[in-house]
Amino acid sequence: MTTSIVTNHKATPIRHAIHSADVFSRRGKFSHLPCKLNVKQSVETVQLWAKIKNTRTTMTTAFATPHENDEGERSGSHACSDEQVFVPLENNYSSNDLDEEAAGSLPESGSGVFQMVEHSVNLASLLDKLKALHLHVLASEQWNASRLKLCHNNYVESAKNLIHYLALKCLDIEPLKDDLALISLLNLEMVNSSVLASLTTCIELLENLQLNSSRTGNDVSAGISTQGKLYHQKNGNFTINTMRMKACLNRELLLGPLQGSRCTHIMTTVGEEALESETLITDLIKAGTSIIRINCAHGSPESWSEIIRRVKRSSQMLEAPCRILMDLAGPKLRTDNLKPGPCVVKVSAKKNATGKVIFPAQVWLSHKGAGAPPPHLSPDAVLFIDDENFFTVVKVGDSLRFFDARGKKRMLKISRVFHVFSGTGFMAECTRTAYVSSGTELYIKRKKDRLPVGQVVDVPPRESSIRLRVGDLLIISRDSTCGEDNSYGHVSGAYRITCSSGYLFDAVKPGERIAFDDGKIWGVIKGTTSSEIVVSITHAGLRGTKLGSQKSINIPDSNIRFKGVTSKDLVDLEFVKSHADVVGVSFIRDTRDIIVLRQELEERKLQNLGIVLKIETKSGFEKLPLLLLEAMKSSNPLGVMIARGDLAVECGWERLADIQEEILSFCGAAHIPVIWATQVLESLVKSRVPTRAEITDVASGRKASCVMLNKGRHIVEAISTLDNILNSNSRQMKAEVKSLVPSSHLV
Numbered sequence: 001m002t003t004s005i006v007t008n009h010k011a012t013p014i015r016h017a018i019h020s021a022d023v024f025s026r027r028g029k030f031s032h033l034p035c036k037l038n039v040k041q042s043v044e045t046v047q048l049w050a051k052i053k054n055t056r057t058t059m060t061t062a063f064a065t066p067h068e069n070d071e072g073e074r075s076g077s078h079a080c081s082d083e084q085v086f087v088p089l090e091n092n093y094s095s096n097d098l099d100e101e102a103a104g105s106l107p108e109s110g111s112g113v114f115q116m117v118e119h120s121v122n123l124a125s126l127l128d129k130l131k132a133l134h135l136h137v138l139a140s141e142q143w144n145a146s147r148l149k150l151c152h153n154n155y156v157e158s159a160k161n162l163i164h165y166l167a168l169k170c171l172d173i174e175p176l177k178d179d180l181a182l183i184s185l186l187n188l189e190m191v192n193s194s195v196l197a198s199l200t201t202c203i204e205l206l207e208n209l210q211l212n213s214s215r216t217g218n219d220v221s222a223g224i225s226t227q228g229k230l231y232h233q234k235n236g237n238f239t240i241n242t243m244r245m246k247a248c249l250n251r252e253l254l255l256g257p258l259q260g261s262r263c264t265h266i267m268t269t270v271g272e273e274a275l276e277s278e279t280l281i282t283d284l285i286k287a288g289t290s291i292i293r294i295n296c297a298h299g300s301p302e303s304w305s306e307i308i309r310r311v312k313r314s315s316q317m318l319e320a321p322c323r324i325l326m327d328l329a330g331p332k333l334r335t336d337n338l339k340p341g342p343c344v345v346k347v348s349a350k351k352n353a354t355g356k357v358i359f360p361a362q363v364w365l366s367h368k369g370a371g372a373p374p375p376h377l378s379p380d381a382v383l384f385i386d387d388e389n390f391f392t393v394v395k396v397g398d399s400l401r402f403f404d405a406r407g408k409k410r411m412l413k414i415s416r417v418f419h420v421f422s423g424t425g426f427m428a429e430c431t432r433t434a435y436v437s438s439g440t441e442l443y444i445k446r447k448k449d450r451l452p453v454g455q456v457v458d459v460p461p462r463e464s465s466i467r468l469r470v471g472d473l474l475i476i477s478r479d480s481t482c483g484e485d486n487s488y489g490h491v492s493g494a495y496r497i498t499c500s501s502g503y504l505f506d507a508v509k510p511g512e513r514i515a516f517d518d519g520k521i522w523g524v525i526k527g528t529t530s531s532e533i534v535v536s537i538t539h540a541g542l543r544g545t546k547l548g549s550q551k552s553i554n555i556p557d558s559n560i561r562f563k564g565v566t567s568k569d570l571v572d573l574e575f576v577k578s579h580a581d582v583v584g585v586s587f588i589r590d591t592r593d594i595i596v597l598r599q600e601l602e603e604r605k606l607q608n609l610g611i612v613l614k615i616e617t618k619s620g621f622e623k624l625p626l627l628l629l630e631a632m633k634s635s636n637p638l639g640v641m642i643a644r645g646d647l648a649v650e651c652g653w654e655r656l657a658d659i660q661e662e663i664l665s666f667c668g669a670a671h672i673p674v675i676w677a678t679q680v681l682e683s684l685v686k687s688r689v690p691t692r693a694e695i696t697d698v699a700s701g702r703k704a705s706c707v708m709l710n711k712g713r714h715i716v717e718a719i720s721t722l723d724n725i726l727n728s729n730s731r732q733m734k735a736e737v738k739s740l741v742p743s744s745h746l747v
């Protein structure tokens with residue numbers, strides 16, 4: 001490897017040790033990347049700006065032009081560890097101005113465009129800076145040659161482009177961006193998907209502007225011919241079109257081809273509630289869903305199998321491809337199940353401010369085998385009746401009387417009848433609040449006596465929760481038998497829940513923050529033992545916030561070492577092996593998690609199973625480039641999910657917008673599809689009315705390859721809305737604007 005450095009145009013032989021460079025985005029510090037430069041001989045370079053410890057300073061960059069026999073040196077002396085990406089960069093705290101350091105002088109005055117451009121910027125200096133940046137990018141690829149050799153053939157070009165982008169991020173190129181903006185030539189914010197090709201094209205365009213003007217002085221990149229090594233990649237594997245095609249191919253391999261004129265995939269999470277309706281899965285696919293997500297943290301293999309069977313049947317019937325993604329639960333910290341509540345359902349009419357009923361409660365009555373009510377109905381309660389004769393005796397207009405769980409006399413009036421797939425169902429109205437439990441007898445009052453017509457069965461238990469307020473004490477216990485009697489109220493001045501994960505009790509310390517249910521509740525750890533943690537609640541709603549079973553627990557200040565793939569994940573992976581197209585890997589933190597996953601997939605010969613890395617921790621975000629490079633060592637189709645719920649809690653709400661943009665940029669550089677997830681159109685899904693912020697959030701989600709919706713009462717309507725937003729275009733707006741412009745002026 002022949003390399004040299006010139007500072008103030010004097011060649012100086014040096015040897016550089018391993019240094020550290022702070023990598024910055026336009027908005028601030030992103031991460032810390034080790035940088036290595038190891039050279040003995042000399043070359044000429046120019047200075048570029050870099051950011052070191054929040055100080056903008058000039059940096060002398062060393063670039064290498066490889067010889068034919070340099071391959072052995074690159075792969076041997078510049079070996080990389082799994083936790084390092086090497087970028088050629090060396091500190092030089094010279095006060096010389098960047099323009100003074102860049103060699104070359106202004107060309108003689110030209111004509112036309114060239115002369116106009118020269119009045120805007122120092123064209124020769126700009127060209128030299130771009131060439132230096134180009135060489136810096138190429139050098140970063142050489143320093144990481146040994147790492148790139150380990151990447152699978154499917155990802156080699158994408159991995160190289162990711163390295164190129166990392167090299168670009170290591171430098172403060174704001175002045176260069178401003179110069180390029182003045183001549184409207186290149187936006188360096190948009191080159192992440194094809195770094196080398198974009199720089200090459202820009203350099204060629206600038207050189208073409210100089211064809212009519214002779215250039216004096218020495219070029220800082222002398223010896224690198226524009227017809228030779230500098231642009232050898234133009235017609236090779238790094239053209240802009242090649243990079244775009246690579247990104248499209250990776251998206252299709254993971255998510256499947258887009259149907260019709262759609263631009264973005266829609267993923268929908270479903271659970272066991274999908275089995276209550278015969279038509280729900282069909283309606284989801286018809287509305288625009290192209291991927292069904294099943295969370296292995298909930299449900300059982302039996303329910304998963306039935307969901308997948310219905311998905312495949314509906315997909316075939318509608319001739320609409322729909323893939324299956326199954327999320328492994330991972331090592332997520334959750335509250336254990338609280339003691340089940342009573343098996344009772346509350347039926348309550350809507351009243352005005354004076355307490356007058358303005359709309360009766362709507363109650364669906366059917367035999368259990370008849371399934372859920374039709375999707376266009378939204379009953380306030382669903383009651384199953386055990387006697388099939390009920391549906392032959394009862395008719396519209398009948399009044400069903402009963403005593404509720406409190407012994408109060410109540411009445412249901414049959415208003416409508418519906419014929420569903422497995423029988424008949426009735427919609428009834430109730431004007432007074434009632435608590436209905438399993439075993440409640442329904443009867444019709446006749447002239448002389450009352451006629452029993454059925455009994456209510458299978459009322460599910462109410463979801464248990466505790467209501468926490470600021471200042472409350474909460475005890476988290478390792479032993480699940482300790483919390484059952486204390487879950488509903490104060491005992492010795494404290495609430496109590498349980499968490500069976502030993503990771504939590506082994507890692508936390510007093511004074512650390514702790515969050516519950518995706519940050520809805522926050523507290524500070526006051527004390528710990530081997531079996532209990534005492535938490536003081538510092539943030540909750542004004543009237544308190546409910547904390548229920550299986551809610552998330554986050555400790556953003558603690559460095560908890562989780563096992564990447566749990567024993568449950570390995571059991572679920574056997575099911576995924578034969579039923580799913582894609583597997584989601586939760587709580588990825590470092591490259592070791594991916595190594596373990598790759599070993600498990602290779603053992604099961606799952607080289608074609610898609611992999612989605614869920615980025616939901618601070619560590620996973622900060623090490624994203626390393627995670628991508630490690631995952632690229634296998635042939636499996638690869639993607640990334642921005643799991644914004646846990647990610648916001650771990651990294652801070654105020655940083656989430658910048659973080660998701662950074663993830664999109666890095667995945668764009670690696671040509672890896674991104675799934676935009678968590679709370680998408682949540683208000684619409686739950687209450688049928690979206691917020692303005694949710695609509696604009698979805699519009700931002702167009703930058704991703706797929707947008708994910710979580711389950712909810714109005715999920716079908718939400719999918720239709722999401723599909724319209726994601727796949728709308730500006731044709732209608734253009735048509736409206738045309739009326740404002742004379743047709744003779746239109747092209």
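Count the sequence shown with the UniProt record's numbering and you get residues 1 to 747, in order.
No residue lacks a Cβ here, since even glycine has one placed at the ideal position from N, Cα and C.
| Query | Result |
| --- | --- |
| Residue of Ala648, Gln599, Met632 and Asp572 minimising C-alpha distance to Lys149 | Met632 |
| Distance between beta carbons of Pro637 and Leu254, contact taken as under 8 Å | 4 Å |
| Of the residues Gly511, Pro461, Ile324 and Leu196, the one placed nearest Glu306, counting alpha carbons only | Ile324 |
| Separation of Trp676 from Thr617, as counted between CA atoms | 15 Å |
| Cα-Cα separation between His367 and His376, rounded to whole angstroms | 19 Å |
| Cα-Cα separation between Val191 and Ser198, rounded to whole angstroms | 6 Å |
| Straight-line gap, Gln259 to Ile266 (C-alpha atoms, nearest Å) | 11 Å |
| For Phe403, the nearest candidate out of Thr424, Cys430, Ala434 and Val393 (CA to CA) | Ala434 |
| CB contact flag (Met427, Phe418, <8 Å) | yes |
| Short Cβ contact (8 Å threshold) for Gln607 with Ser578 | no |
| Among Leu171, Lys445, Val535 and Gly620, nearest to Ala648 - alpha-carbon criterion | Gly620 |
| Alpha carbon of Phe384 to alpha carbon of Gln455, nearest angstrom | 8 Å |
| Residues near Arg467 in its chain [Cβ-Cβ closer than 6 Å; skip 5 each side] | Gly544 and Lys546 |
| Beta-carbon contacts of Val457 that lie in its chain and below 8 Å, excluding the five residues immediately before and after | Lys368, Phe384, Ile385, Asp386, Ser438 and Gly439 |
| Residue range of the alpha helix (DSSP H) that includes Trp304 | Pro301 to Leu318 |
| Simplified DSSP state of Pro632, which is helix, strand or coil | Residue identity differs from the one stated: residue 632 is Met in this sequence, not Pro. Residue state, collapsed to three classes: coil. |
| Chain-order list of residues whose beta-carbon lies under 8 Å from that of Val270 (same chain, five-residue window excluded) | Leu280, Ile281, Leu284, Ile292, Arg293, Ile294, Ile307 and Lys711 |
| Beta-carbon spacing of Asn554, Asp646 below 8 Å | yes |
| Cutoff 8 Å; reference Ile537; Cβ partners in own chain excluding five residues on either side | Leu468, Arg469, Val470, Gly471, Asp472, Leu473, Leu474, Ile521, Trp522 and Gly523 |
| As assigned by DSSP and simplified to three states, the class of Ala434 | strand |
| Own chain, CB closer than 8 Å to residue 815, minus 5 neighbours either side, in chain order | Look at the range of the chain in this structure, 1 to 747, and you will see that residue 815 is not part of it. |
| Residue(s) in a DSSP beta bridge with Lys350 | Phe359 |
| Contact between the segment 702-719 and the segment 666-686 (3+ Cβ pairs under 8 Å) | yes |
| 8 Å Cβ cutoff met for Ser140 and Ala167 | yes |
| Unbroken beta strand (DSSP E) run spanning Ser465, endpoints | Ser465 to Leu468 |
| His539, DSSP secondary structure in three states | strand |
| Proximity test, Ile553 beta-carbon vs the ligand NAD heavy atom, cut-off 7 Å | Among the components of this structure there are no ligands whatsoever, and the ligand NAD is therefore not found. |
| Coarse secondary structure for Ser530, derived from DSSP in three states | coil |
| Spatially closest choice to Arg334 from Lys551, Arg598, Ala643 and Val685, by CA coordinates | Lys551 |
| In chain order, each beta strand (DSSP E) run of at least 3 residues that lies wholly inside the segment 687-731 | 706-709 |
| Short CB-CB distance (under 8 Å) between Ser720 and chain B | As a matter of chain content, chain B is missing from the structure shown, which is built from one protein chain. |
| Leu138, DSSP secondary structure in three states | helix |
| Gly369 - containing beta strand (DSSP E), residue span | Gly369 -> no beta strand (DSSP E), and no H or E assigned at all. |
| Under the three-state DSSP convention, the category Leu547 falls into | strand |
| Those runs of the alpha helix (DSSP H) which lie wholly inside the segment 646-693 and span at least 4 residues | 656-669 and 682-687 |
| Option nearest Ile203 by Cα separation, candidates Ala699, Leu186 and Asn352 | Leu186 |
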